[in-house]
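**Q** Okay, here's the structure, questions in a sec.
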Amino acid sequence: MKHRIALVDDHHLVRAGLAATVNALGDYQVTLEAGHGAEMIERLGLTQAPPQLAIIDLNMPVMDGWDTIAWLNKHRPEILSMALTFEATEDSILRAVRAGARGYLLKNAKPEVLRLALDSIRLTGYYHNDDLNEVLKGNPDRLTPRERERSELLERITDREMHLLRLVCDEQEFTYDQIAEIMGLHRRTVDYYRIQLFNKFGVRSKTGLVLFALRWNLLD
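In this text, residue positions in the sequence shown follow the numbering used here: the first is 1, and each later residue adds one.
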């Protein structure tokens, strides 16, 4: 009995070529195709024989690969997923793994590599190539570069500075005199913390503080 595969990719020619390659392997068969994640979910609800493994392009319209992988991992965990991409960056790999991907494959991979990946995921649950192993080795906490930079920013902010930052960003638009009263500090002390934040964030105004905090999502 052949193992059932789903292909999710918005490029029809890429999907057709990969389907032909998968079917030519002999013991695998593409039984479901979709152009994006939402279409895959819809078609899953109509099939009597769901796929056992899904090969999912990361960059797609409507519902991208990361969201599709996360949906499968939550709602259909019996369907193992493998990320598919033209160019694997550290950020895209980590996002896919955190979403629940069991491995990733480049679109220009040779048939023997495709077979190795499918066999490995089917038999062991994972396919770790050298690139993935290197990324995971250097990122044991599996943070993306942006998430790591945000984490480092937060580590540099003291509790008092964070309290000040929250008040600066408050929708009530407190003045610095009001902030000093709320924090129970002298205005000069508040100015000291304000300047510390200016220096750490590389900004020069209250508006700069607010925009920086929002851009880096520092208040969550």
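Note that the Cβ used here is the ideal one computed from N, Cα and C, for glycine as well.
Assign I157 to one of three DSSP states: helix, strand, or coil.
**A** coil
**Q** Any chance you could list the alpha helix (DSSP H) runs of at least 4 consecutive residues sitting entirely within the segment 48-130, in chain order?
**A** 65-75, 90-99, 111-124
**Q** Taking only three categories from DSSP, how would you classify T207?
**A** helix
**Q** Let me check understanding here. Comparing Cα to Cα, which of L167, L32, W216 lies closest to I56?
**A** L32
**Q** On the three-state DSSP scale, how would you describe L218?
**A** coil
**Q** Thinking A117 and M60 are a contact (beta carbons under 8 Å), I'd like their distance in whole angstroms, please.
**A** 20 Å between Cβ atoms; not a contact.
**Q** What residues are listed by DSSP as bridge partners for R146?
**A** BP columns for R146 are empty, so no partner.
**Q** Can you tell me whether DSSP reads Q196 as helix, strand or coil?
**A** helix
**Q** Beta-carbon within less than 6 Å of G35's beta-carbon, same chain only, minus the 5 sequence neighbours each way: which residues are those?
**A** D10
**Q** Rounded to the nearest angstrom, what separates F201 and L209 at their Cα positions?
**A** 7 Å
**Q** Hey, I5 and P51 are a contact pair by Cβ (cut 8 Å); roughly how many whole angstroms apart?
**A** 6 Å
**Q** Give me, in chain order, the residues of the same chain whose beta-carbon lies closer than 7 Å to that of R115; leave out the 5 immediate sequence neighbours on both sides.
**A** L25
**Q** Give a yes or no on whether the C-beta atoms belonging to R102 and L80 are separated by under 8 Å.
**A** Yes, Cβ-Cβ distance for R102 and L80 is below 8 Å.
**Q** Got a sec? Which residues, its chain only, sit under 8 Å from G17 by beta carbon, not counting five neighbours each side?
**A** none
**Q** Assuming Y193 and R160 form a contact by the criterion Cβ under 8 Å, report the distance between their Cβ atoms to the nearest whole angstrom.
**A** Cβ atoms of Y193 and R160 come within 8 Å of each other, at about 6 Å.
**Q** For L218, which of F174, V22, H163, L185 has the nearest alpha-carbon?
**A** H163
**Q** Quick check on the burial criterion: 16 or more other C-beta atoms within 10 angstroms. Buried or exposed for F212?
**A** buried
**Q** By the three-class DSSP mapping on this structure, what secondary structure does L7 have?
**A** Looking at L7 - three-state DSSP - the assignment turns out to be strand.
**Q** Sort T158, C169, R76 by Cα distance to Q196 and report the nearest one.
**A** T158
**Q** Taking the DSSP output, what are the residues bridged to Y176?
**A** Per DSSP, none; premise fails for Y176.
**Q** Using the C-alpha atoms, what's the distance from G125 back to L154?
**A** Computed Cα separation, rounded: 35 Å.
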